[in-house]
Amino acid sequence: QVQLAESGGGLVQPGGSLRLSCTASGVIFGINGMGWYRQAPGKQRELVARISRDGRTYYADSVKGRYTISRDNAKNTVSLQMNSLKPDETAVYYCNVDYLPSHVNYWGQGTQVTVSS
Numbered sequence: 156q157v158q159l160a161e162s163g164g165g166l167v168q169p170g171g172s173l174r175l176s177c178t179a180s181g182v183i184f185g186i187n188g189m190g191w192y193r194q195a196p197g198k199q200r201e202l203v204a205r206i207s208r209d210g211r212t213y214y215a216d217s218v219k220g221r222y223t224i225s226r227d228n229a230k231n232t233v234s235l236q237m238n239s240l241k242p243d244e245t246a247v248y249y250c251n252v253d254y255l256p257s258h259v260n261y262w263g264q265g266t267q268v269t270v271s272s
């Protein structure tokens, strides 16, 4: 069984920063990619950023230059530093981890990020 524990969401003013973290526990052997998705009300879930086991990163165009994803393989943790946040980035942010060789994905329970003055 895999558990993903997320933390770091909350309320922030426009232009502010938040740092999200997600730690995997349970079955940790075979962790491959780790990433963050978000889902705003009435919208589809979208990929925000992803990082491979060897550190290669991918960012959605809308967050490039403002968000930074990182991981600590020894602690099975992935983090997302979000700067210059905008109101339309208000969403539930979900941690996602995939495993090899099964390619099974696991999701965290989600953490609310609200950007509002």
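Going by the numbering used here, the final residue of the sequence shown carries number 272, and the count climbs one at a time with no gaps.
Glycine included, each C-beta is placed from N, C-alpha and C at the ideal position.
It should be emphasised that the depicted structure is a prediction, and the values quoted were computed from it without experimental measurement.
Beta-carbon proximity list for residue i, same chain, < 6 Å, skipping 5 on both sides
i: Gln236; result: Arg174, Thr223
i: Ser225; result: Ser234
i: Glu161; result: Cys177, Cys250, Gly263, Thr266
Assumed close pair residue i, residue j - CB separation to whole angstroms, cut-off 8 Å
i: Thr232; j: Ser176; result: 6 Å
i: Val252; j: Ala179; result: 5 Å
i: Ser273; j: Arg221; result: No statement about residue 273 is possible, as the shown extent of the chain runs from 156 to 272 and does not include it.
Per DSSP, the bridge partner or partners of residue i
i: Ala229; result: The partner list for Ala229 (beta bridge, DSSP) is empty, contrary to what the question assumes.
i: Arg200; result: Bridge partners of Arg200: none, in fact.
i: Asn260; result: Asp253
i: Ile186; result: Tyr254
i: Arg193; result: Glu201, Tyr248
i: Gln168; result: DSSP lists no partner for Gln168.
i: Gly181; result: Val157
i: Arg174; result: Gln236
Residue range of the unbroken beta strand (DSSP E) whose run includes residue i
i: Leu240; result: Segment: none, Leu240 is in no beta strand (DSSP E) and carries neither H nor E.
i: Asp253; result: 246-254
i: Arg221; result: That residue, Arg221, is in no beta strand (DSSP E); it is neither H nor E in DSSP.
Sequence-distant residues of the same chain with beta carbon closer than 8 Å to residue i, five excluded per side
i: Ala215; result: Glu201, Leu202, Val203, Ala204
i: Gln158; result: Ala179, Ser180, Gly181
i: Ser172; result: Gln236, Met237, Asn238, Ser239, Leu240
i: Pro169; result: Leu240, Lys241, Pro242, Val270, Ser271, Ser272
7 Å Cβ shell around residue i - same chain, five flanking residues per side excluded
i: Tyr254; result: Gly185, Ile186, Asn187
i: Val218; result: Val203, Ala204
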